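To keep things clear, I will list the structure first and then write my remarks on it.
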């Protein structure tokens, strides 16, 4: 299967990518600003290619397909979530234990058509 078009995104710094933009306390404001400019999905370089999905309508189908298409990786969770939530957050654990299942069930209600 051939890859689709590259996701849009802001221009980053050589080597550092977008880390300098995200290192301040206004992380959520910067991500929201880029979402307004580039749309519901855009690409950043934060230690490697990172895709940001800011539109729930785009994210919900990805969450429904499950593990067959979205491989879980502790490295992915560590890199993306530690940046925004810090270490030792319930959100940066991909072990799928009881706490993870409880958090996922709670979050999935946000993507429900009845929400």
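Residue numbers (the UniProt record's numbering): 1 to 115.
Don't be surprised by glycine CBs; every beta carbon is placed ideally from N, CA and C.
Model, not experiment: these values are computed from the prediction.
With DSSP as the reference, identify every bridge partner of residue i, one or two as the case may be.
{"i": "residue 44", "result": "50"}
{"i": "residue 17", "result": "13"}
Keeping to the same chain, check which residues put their C-beta closer than 7 Å to that of residue i; ignore five residues upstream and five downstream.
{"i": "residue 13", "result": "20"}
{"i": "residue 30", "result": "21 and 22"}
{"i": "residue 24", "result": "none"}
Provide the residue span of the alpha helix (DSSP H) that contains residue i, from first to last.
{"i": "residue 11", "result": "First-last for residue 11: undefined, no H or E at that position."}
{"i": "residue 106", "result": "98 to 108"}
{"i": "residue 24", "result": "Looking at the DSSP string, residue 24 is not in any alpha helix (DSSP H), and its letter there is neither H nor E."}
Leaving out five residues on either side along the sequence, give the residues of the same chain with a beta carbon under 6 Å from the beta carbon of residue i.
{"i": "residue 113", "result": "none"}
{"i": "residue 54", "result": "35 and 40"}
{"i": "residue 61", "result": "none"}
If you run the structure through DSSP and keep just helix, strand and coil, what is residue i?
{"i": "residue 6", "result": "coil"}
{"i": "residue 114", "result": "coil"}
Assuming residue i and residue j form a contact by the criterion Cβ under 8 Å, report the distance between their Cβ atoms to the nearest whole angstrom.
{"i": "residue 38", "j": "residue 5", "result": "Going by Cβ atoms, the distance from residue 38 to residue 5 rounds to 13 Å, so no, they are not a contact pair."}
{"i": "residue 45", "j": "residue 28", "result": "Not quite, the Cβ-Cβ distance comes to about 19 Å (not below 8 Å), so this is no contact."}
{"i": "residue 58", "j": "residue 111", "result": "Actually they are not in contact, since the Cβ atoms of residue 58 and residue 111 sit about 11 Å apart, beyond 8 Å."}
{"i": "residue 108", "j": "residue 63", "result": "7 Å"}
Who are the Cβ neighbours of residue i in its own chain at under 8 Å, not counting the five residues just before and after it?
{"i": "residue 43", "result": "6, 7, 8, 9, 49, 50, 51 and 52"}
{"i": "residue 32", "result": "54"}
{"i": "residue 56", "result": "110 and 111"}
Cβ of residue i less than 8 Å from any chain D Cβ?
{"i": "residue 108", "result": "Absent here is chain D; the protein component of the structure consists of one chain."}
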